[in-house]
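Enquirer: Chain order of the listed sequences is A and B. Here my numbering = 1-based position in the first sequence + 1. Here my numbering = 1-based position in the second sequence + 1144. Structure in structure tokens, see below.
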Amino acid sequence: DTGVSQNPRHKITKRGQNVTFRCDPISEHNRLYWYRQTLGQGPEFLTYFQNEAQLEKSRLLSDRFSAERPKGSFSTLEIQRTEQGDSAMYLCASSLSQNYGYTFGSGTRLTVV
Amino acid sequence: AQSVTQLGSHVSVSEGALVLLRCNYSSSVPPYLFWYVQYPNQGLQLLLKYTTGATLVKGINGFEAEFKKSETSFHLTKPSAHMSDAAEYFCAVSESPSGSARQLTFGSGTQLTVLP
């Protein structure tokens, strides 16, 4: 069990640029979640995959955001035309079906300048 | 819809004193409840969870929490604080019909400071 890995740890980008984050879940976990955490707040749910299928998306996930999980392994979260309001910590978590044992990664901190 | 309220965004205790972090939830179905801890620039680590069964739940690092349905509460306690307990603590709730995504709804967090 090597844990959930997220890359990069930090990303600074100019407003209007596109960014992509990667999450490698625990290998046997078939559920993968993305959350966003802004300063002073708890994480907020963005989207959920079971294997390669994206089964649920929050209304927080505007059309500038897209997430994929090809082959049900790693996942990517892309933000197009970044805005300053996108500055946040983006957290990935994984779990086994029928198991409440979420494991979170260390997150990617995005700063949009 | 489910929600979580954590009373007190900042709590300070002396080393060796009782830690009490408060969490109240709202849920239309029997809830599943969680406490997570987050150290600076880190992800969240699960401290403990309540799903079904015994209402007093023991977790890691000496923490425990009691599910009180009548009070819609799930307060986190530790008898004796240690300096290493200083961190941010999040309470979370999940409503889980069979087959749902089991997404978590988090409170806004409580920053625990432990004074020497």
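Quick reminder that beta carbons are idealized off the backbone N, C-alpha and C, glycines included.
1) So the beta strand (DSSP E) Glu57 (chain A) belongs to, where does it begin and stop?
2) Can you look up Gln1189 (chain B) in the DSSP assignment and give me helix, strand or coil?
3) Kindly indicate if chain B contains any beta-carbon less than 9 Å away from that of Arg16 (chain A).
4) Classify Lys1222 (chain B) as helix, strand or coil using the three-state DSSP reduction.
5) With distance defined between alpha-carbon atoms, name the residue in B:Gly1187, B:Gly1206 and B:Phe1207 nearest to Gly108 (chain A).
6) Are the CB atoms of Val1237 (chain B) and Tyr1176 (chain B) nearer to each other than 9 Å?
7) Given that Ser1252 (chain B) touches chain A, what residues does it touch there, using C-beta distances under 8 Å?
8) Between the stretch 1216–1235 of chain B and the stretch 18–33 of chain A, can you find at least three pairs of beta-carbon atoms closer than 8 Å?
9) Would a check of beta-carbon distances place Ser96 (chain A) closer than 9 Å to chain B?
10) Please name the residue, chosen from B:Asn1185, B:Thr1195, B:Phe1178 and B:Glu1232, that lies closest to Val1163 (chain B) on a Cα-to-Cα basis.
11) So Asp25 (chain A) is in the beta strand (DSSP E); what residue range does that whole segment cover?
12) Of all Cβ atoms in chain D, is any one closer than 9 Å to the Cβ of Gln7 (chain A)?
13) Report the rounded CA-to-CA distance for Arg70 (chain A) versus Asn1168 (chain B), giving the unit in angstroms.
Expert: Considering the structure as presented:
1) Ala54 to Lys58
2) strand
3) no
4) strand
5) B:Gly1187
6) yes
7) Gly41, Gln42 and Gly43
8) no
9) yes
10) B:Glu1232
11) Val20 to Asp25
12) Of the protein chains in the structure, A and B, none is chain D.
13) 35 Å
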